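Numbering (the UniProt record's numbering), first residue to last: 1 to 495. What follows is a single structure, written as C-alpha cells, with notes after it.
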C-alpha cells in the first residue's frame, strides 16, 4: 500500500512489497495530473524522480522526501537539483567554469551586401562558394554538431525510464531530444565555418555527463562524423548538407542518419528534416524547419513527427506534432509543441484533436527551451553555443593541432579582429582546395572508419587515450602553412 499525507504531495511513501489496488493507483494518477498542471502553469518540467515514482509505483522501493511545508514549485526545483548533484558526484572530473559571453570586438565590423555575393551563385552549392567572414559565425560545423547535445539530459531521462521498464516514456524523451536540436537555430542567420579535411573537435562536459568528438572525414562529398557517450547511452552520426541558393532563399537538405543506442540494446535511428532560410534580399531574414521525421526503434515503439512548414501569414509558426506507435501500429501517445519553445505529450491517439491538446489538463511537458543569454550579439548564439569555442584554463595544451578551437580565422572572428579573420580565411581556403588531391593520394580519417564501401563512419576509439598521454602522432598542423609539395608527400601515408 501507499500513504499520502498531503494532497499537494507533501509526503509520499511507496513500497513495492504490497501491490497497489486499481482505485489507489487511479487516485495517484489524479494527484500526478494536478502536479503536472501546476508545473505547466509555471512553465516548469516535472522532475525525473517524481515522474518516475508517479508513473512506475511498482519500481520504487521506498521514497520519502519533500517537506509538506514547502511550496510545490520549490519541491520540484529541489528534486531537479538533487538529480543534477547526484550526476555531478558520479563524474570523475571537476566542474569547469565556462564563459557567459563572447569577447568584446577589437574592431568595428563593416557590413557586406548579401545580394552582391549571391547574384552570381544562384543554384550553386553553398558549401562550394567562398564567402567573406562577415557571413560566418565564430564556430565550425564540427562544433555545431555538438549543439544538438545541449539538452542531453533528455537522453539521461530516457535511459532511466527504459531501465525502469517504461519504454513509452523512453521514446517520448528521445523524440523531445530530436526536436530540441533545432531550438538553437532561431535567429541564427550566419554560416558556421566549413572544417578543413582532418579537422577535429572535442567536448568534455563532466557537468552534463557527456564526452563528444567529431572529425571531418571527407571533403568531396563533405562528410562530418561524430560520436558522443553519456550515462547509459551512445550517440553517433555522419552527416552532409546539400545546400543551394534559390535567389531569395537558401535550402539545406541534411543527408545522413543519427543513431542512439542505450546500454540495454534498444536503438533509435532518424534523419533530420529540411531547413530553409528565407528573405535574403528583402524583408526580415528567418529560418524554418519542415518535413517528416521518422524515429525508428528496434524494440517496442517508434515515433513519427511532422514539422509544419511556415505559411506566409502564419500566426502560429514552428509547430511540430506527431505520435508514438507500438509494434501493432496502435498509437500510444500524441506529441505536439514548437521546435523553438517546448514539446508536450498526451496519452492515446489525439492527432485529430490537436487544437484541444494545447489547453488539455492531461498534457505533460517533456522539454522546454533554455532562456537566451543576456548579452546577445548579431550571431544570436545560445548560452551553450557561446562556450563551444572557449579555451578554458589548461585546455590548449591538451588539444591536438587539428582542433577547431585552434583555427586562426575563427578565433580572429570571435575576437572581433575582422581584417585578420578575412586574411586567414582566404589562406585556409587555398589549403582547402588541395583537399581533393589529398584524398586521392590516400588520405584517411584518423579516428573514424567507414563500415563497408558506402556505410556510415564509426568511431574507432583511441582519441581520449591519446589525449591522456599527450601523444598526437599522425596529427598534422592543418592550420599552418601548407604547400602542394606537402600534399604530394602524403601520398599513401594514410595520415
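Cβ atoms here follow ideal geometry from the backbone N, Cα and C, with glycine treated the same way. Computed from a predicted model, the values in this text were never measured in an experiment.
Checking the sheet assignment: what are the DSSP bridge partners for residue i?
i: residue 343; result: 337, 367
i: residue 261; result: 234, 267
i: residue 229; result: 211, 234
i: residue 292; result: 306
i: residue 326; result: 301
i: residue 321; result: 306, 336
Hey, how far is the Cα of residue i from the Cα of residue j?
i: residue 439; j: residue 205; result: 33 Å
i: residue 470; j: residue 201; result: 16 Å
i: residue 435; j: residue 226; result: 20 Å
i: residue 268; j: residue 259; result: 6 Å
i: residue 311; j: residue 317; result: 8 Å
i: residue 173; j: residue 478; result: 39 Å
i: residue 584; j: residue 481; result: No answer is possible for residue 584: the residues shown for the chain start at 1 and end at 495.
i: residue 152; j: residue 461; result: 21 Å
i: residue 50; j: residue 283; result: Residue placement at residue 50 cannot be trusted, given a pLDDT of 43 that sits under 50; what the coordinates show is reported in the next sentence. Near 47 Å, if we compare the C-alpha coordinates of residue 283 and residue 50.
i: residue 85; j: residue 160; result: Note that residue 85 scores 39 on pLDDT, short of 50, meaning its location in the model is unreliable and no value can be drawn from it.
i: residue 281; j: residue 135; result: 14 Å
i: residue 454; j: residue 363; result: 43 Å
i: residue 330; j: residue 147; result: 34 Å
i: residue 459; j: residue 315; result: 44 Å
i: residue 404; j: residue 327; result: 43 Å
i: residue 411; j: residue 476; result: 19 Å
Along the chain, where does the alpha helix (DSSP H) containing residue i start, and where does it finish?
i: residue 435; result: 435-440
i: residue 500; result: Only positions 1 to 495 of the chain appear in this structure, which leaves residue 500 out of reach.
i: residue 195; result: First-last for residue 195: undefined, no H or E at that position.
i: residue 146; result: 141-147
i: residue 177; result: 167-180
i: residue 467; result: 463-469
Determine the extent of the beta strand (DSSP E) in which residue i is found, giving its start and end residues.
i: residue 251; result: 250-255
i: residue 204; result: 200-205
i: residue 417; result: No beta strand (DSSP E) holds residue 417; DSSP gives it neither H nor E.
i: residue 278; result: 274-278
Relative to the alpha-carbon of residue i, which residue among the options has its alpha-carbon at the smallest distance?
i: residue 208; options: 110, 224, 290, 96; result: 96
i: residue 254; options: 349, 271, 131; result: 271
i: residue 155; options: 231, 334, 472; result: 231
i: residue 347; options: 305, 262, 333; result: 333
i: residue 285; options: 446, 459, 188; result: 188
i: residue 106; options: 256, 415, 251, 324; result: 415
i: residue 238; options: 252, 229, 217, 186; result: 217
i: residue 191; options: 236, 250, 157; result: 250
i: residue 142; options: 223, 353, 280, 157; result: 223
i: residue 321; options: 328, 263, 329, 335; result: 335
i: residue 150; options: 351, 354, 387; result: 387
i: residue 443; options: 396, 474, 456, 463; result: 474
i: residue 400; options: 199, 292, 176; result: 199
i: residue 302; options: 457, 169, 140; result: 169
i: residue 465; options: 456, 407, 398; result: 398
i: residue 457; options: 263, 445, 468, 278; result: 445
i: residue 430; options: 130, 300, 265; result: 130
task: Check whether the stretch 239-248 touches the stretch 155-165, taking contact to mean three or more Cβ pairs, one atom from each stretch, closer than 8 Å.
output: no
task: Check whether the stretch 208-228 touches the stretch 289-296, counting contact only when three or more Cβ pairs, one atom from each stretch, lie closer than 8 Å.
output: no
Three or more C-beta pairs below 8 Å linking the stretch 330-343 and the stretch 363-371: yes
- request: Give a yes or no on contact between the stretch 99-114 and the stretch 421-428, applying the rule of three or more CB pairs nearer than 8 Å.
  value: no
message: For the stretch 101-109 against the stretch 373-383, do three or more pairs of beta-carbon atoms, one drawn from each stretch, fall closer than 8 Å, so that the two count as touching?
response: yes
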